[in-house]
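Peer 1:
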Amino acid sequence: MNWDQLELSPRIIAAVRRAKLQSVREVVCLSSLDLQTLTGLSLSDVQQLLTAAATACRRHPPVTALQLQRGEYPSIESGLRLSVGCPVLDQLLRGGLPAGVITELSGESGAGKTQLALQLCLSVQYPAEHGGLNSGALYICTEDSFPIKRLQQLIREQPSLRSDVPPSLISSLHFSNNIYIEHTADLGSLQVCLSRRAPLLLAQGLVRLLVVDSVAALFRSEFQADDWLERNRQLLTFSSALHRLGQEFTTPVLCINQSFVLQRVPCSGFGLGQSGDGSADTAASPGDSDPWRPEQHPSQVRSGVCSPSAPRRPRCCCLEGGHQRSPEL
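Add 13 to a position in the sequence shown, counting from 1, and you land on the number used in this note's numbering.
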């Protein structure tokens, strides 16, 4: 883009050219202090420059929630949804998972997150009149191996689980042939999958659902606490790739994360990590048989992307059912 096309004073444009900044992308990637150093402009001038550059990079104008509700921007909110196959959950989700956006599914280990994701991998293969998208699914595993036995059980139970679908239609679908599985053990292989394999499958119409199980696992294993800057950068790259795929191909994206319960155990002394009242917060594993451990709750579904870069707190991050809970990060 030509700098003269931006709504800036000639003085600011001249300073930008003297600094040999070639594009608005270079500008928005620099901090205000760096821009002041390179251009010699004042802070107010730099803020004007950043605002103009950000406006030039923006693909869509700002949209309010009211405008989305009225359907004034169908390119952003298509209204297309993928049915879960359960009337109760579909009513809760206003029809199912929205296409073109990212939905996070989080909960304790054993709460049924993967089971719901597998059901969606089957639901997406049904025709539109039965809540599906008439296509397959891409399932990306980052931790455990793909639960093929559970998938086969769900396939066998489809006639009873989806009584709203004619049995002849269910028997004609080859469910397992339309689920593409990718195992990504590190962030590098995950980025390759999202930048090469996923776009190819989506462009060919072979898949219309992306599932990542789970998001935070790789960020926990590859980064230490001091690596927060690089972790943030990788998280932004990952989330941008998911957003781009979801919007470009009008595809639902499901990200799975695991949370755990904080328990309080007696401590003989006062040390680091304790709560200050003679007890310490510890993470309860799914196999613990502690009678004081709160019972598990169903998975919670909410829109957004998990943020492994969020500050870790010694206490709970949210309240659910009266119990203290914290994301497993």
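Don't be surprised by glycine CBs; every beta carbon is placed ideally from N, CA and C.
In the structure shown, what three-state DSSP assignment does G201 receive?
Peer 2: Numbered from 1 along the sequence shown, position 188 holds the residue referred to as residue 201. Correct three-state label for G201: helix.
Peer 1: Could you work out which residue in R107, E85, E20, P100 is closest to T68 when comparing CA atoms only?
Peer 2: For the purposes of this step, residue 68 is identified with residue 55 of the sequence shown, where counting begins at 1. Checking every option, the nearest Cα to that of T68 belongs to E20.
Peer 1: Work out the CA separation of D177 and G143 for me, nearest whole Å.
Peer 2: For this step, residue 143 is matched to residue 130 along the sequence shown. For this step, residue 177 is matched to residue 164 along the sequence shown. First, the residue type needs correcting, since residue 143 is His and not Gly in the sequence shown. Roughly 8 Å separates the two Cα atoms.
Peer 1: Helix, strand or coil: which one does DSSP assign to A130?
Peer 2: Position 117 of the sequence shown holds residue 130. Residue state, collapsed to three classes: helix.
Peer 1: Fully enclosed by the region 74 to 159, which beta strand (DSSP E) runs are 3 residues long or longer?
Peer 2: Correct list: 115 to 120, 149 to 154.
Peer 1: Do the region 181 to 200 and the region 134 to 154 make contact, defined as three or more Cβ pairs closer than 8 Å?
Peer 2: Verdict: yes, contact present.
Peer 1: Tell whether a beta-carbon distance below 8 Å holds between L258 and L110.
Peer 2: In the sequence shown, the residue the question calls residue 258 occupies position 245. In the sequence shown, the residue the question calls residue 110 occupies position 97. Going by C-beta atoms, L258 is not nearer than 8 Å to L110.
Peer 1: Going straight from the alpha carbon of S36 to that of S122, what length do you get?
Peer 2: In the sequence shown, residue 36 corresponds to position 23, counting from 1. In the sequence shown, residue 122 corresponds to position 109, counting from 1. In a straight line, the C-alpha of S36 is about 47 Å away from that of S122.
Peer 1: State the beta-bridge partners of I269 as determined by DSSP.
Peer 2: Taking the first residue of the sequence shown as 1, we reach residue 269 at position 256. According to DSSP, I269 bridges with L118, D226.
Peer 1: At which residue ranges does the region 28 to 81 contain complete alpha helix (DSSP H) runs of 4 or more residues, listed in the order of the chain?
Peer 2: As far as the region 28 to 81 is concerned, its whole alpha helix (DSSP H) runs of at least 4 residues are 37 to 41, 45 to 52, 56 to 70.
Peer 1: Should L63 and L54 be called a contact, given that it needs their Cβ atoms to be closer than 8 Å?
Peer 2: One-based indexing of the sequence shown puts residue 63 at position 50. One-based indexing of the sequence shown puts residue 54 at position 41. Cβ distance not < 8 Å, so L63 and L54 don't count as in contact.
Peer 1: I believe G98 touches R175 by the beta-carbon criterion, under 8 Å. Please report the beta-carbon distance rounded to the nearest angstrom.
Peer 2: As a first step, residue 98 must be located in the sequence shown, where it is residue number 85. As a first step, residue 175 must be located in the sequence shown, where it is residue number 162. Yes, G98 and R175 are in contact; Cβ-Cβ is about 6 Å, under 8 Å.
Peer 1: Does the region 150 to 170 come into contact with the region 112 to 120, if we say contact requires no fewer than three beta-carbon pairs (one atom in each stretch) closer than 8 Å?
Peer 2: No contact exists between the region 150 to 170 and the region 112 to 120.
Peer 1: For T77, count the other beta carbons within 10 Å of its own beta carbon; 16 or more makes it buried, fewer makes it exposed. Which is it?
Peer 2: In the sequence shown, counting from the first residue as 1, residue 77 sits at position 64. When all chains shown are included, T77 counts as exposed.
Peer 1: Once you ignore the five residues that flank D17 on each side, which residues in its own chain have a CB closer than 6 Å to its CB?
Peer 2: By one-based count along the sequence shown, residue 17 stands at place 4. Taken in chain order, the list of residues that qualify is empty.
Peer 1: Considering only the beta carbon of each residue, do S202 and G145 sit closer than 8 Å?
Peer 2: Sequence index remark: in the sequence shown, residue 202 carries index 189 (1-based). Sequence index remark: in the sequence shown, residue 145 carries index 132 (1-based). No; because the gap between Cβ atoms is not below 8 Å, this pair is not in contact.
Peer 1: Taking only three categories from DSSP, how would you classify E170?
Peer 2: As a position in the sequence shown, residue 170 is number 157, starting the count at 1. The answer is coil: DSSP assigns E170 none of H, G, I, E or B.
Peer 1: Taking the beta carbon of R72 as the centre, do at least 16 other beta carbons fall within 10 Å, making it buried, or is it exposed?
Peer 2: If you number the sequence shown from 1, residue 72 lands on position 59. When all chains shown are included, R72 counts as exposed.
Peer 1: Within the present structure, is the beta-carbon of S57 separated from the nearest heavy atom of the ligand PLP by less than 7 Å?
Peer 2: Here there are no bound small molecules, and the ligand PLP is not part of this structure.
Peer 1: Identify the continuous alpha helix (DSSP H) that holds E243 and give its terminal residues.
Peer 2: The sequence position of residue 243 within the sequence shown is 230, counting from 1. Looking at the DSSP string, the run of the alpha helix (DSSP H) that includes E243 is 241 to 261.
Peer 1: By DSSP's criteria, H196 is part of a beta bridge. Which residues make up the other side?
Peer 2: To locate residue 196, count along the sequence shown from 1; it is residue 183. Beta-bridge pairing links H196 to C154.
Peer 1: If I follow the unbroken alpha helix (DSSP H) through P179, where does it start and stop?
Peer 2: Walking along the sequence shown from the start, residue 179 turns up at place 166. Element bounds for P179: n/a, residue is neither H nor E.
Peer 1: Span of the alpha helix (DSSP H) holding L215?
Peer 2: Reading the sequence shown from its first residue, position 202 is the one you call residue 215. 211 to 216 is the span of the alpha helix (DSSP H), which, as asked, contains L215.
Peer 1: Measure the C-alpha to C-alpha separation of L255 and V228 and round it to an integer number of angstroms.
Peer 2: Within the sequence shown, residue 255 is the residue found at index 242, counting from 1. Within the sequence shown, residue 228 is the residue found at index 215, counting from 1. Going by the C-alpha atoms only, they are around 11 Å apart.
Peer 1: Express the C-alpha separation of A150 and R221 in angstroms, rounding to a whole number.
Peer 2: Working through the sequence shown from its first residue, we reach residue 221 at position 208. Working through the sequence shown from its first residue, we reach residue 150 at position 137. The straight-line gap from Cα to Cα measures roughly 6 Å.
Peer 1: For L51, collect the residues of the same chain with a Cβ closer than 6 Å to its Cβ; drop the 5 residues on either side in sequence, then sort them by chain order.
Peer 2: Here residue 51 corresponds to residue number 38 of the sequence shown, with the count starting at 1. Counting only Cβ-Cβ distances below 6 Å, and skipping sequence neighbours, we find A32.
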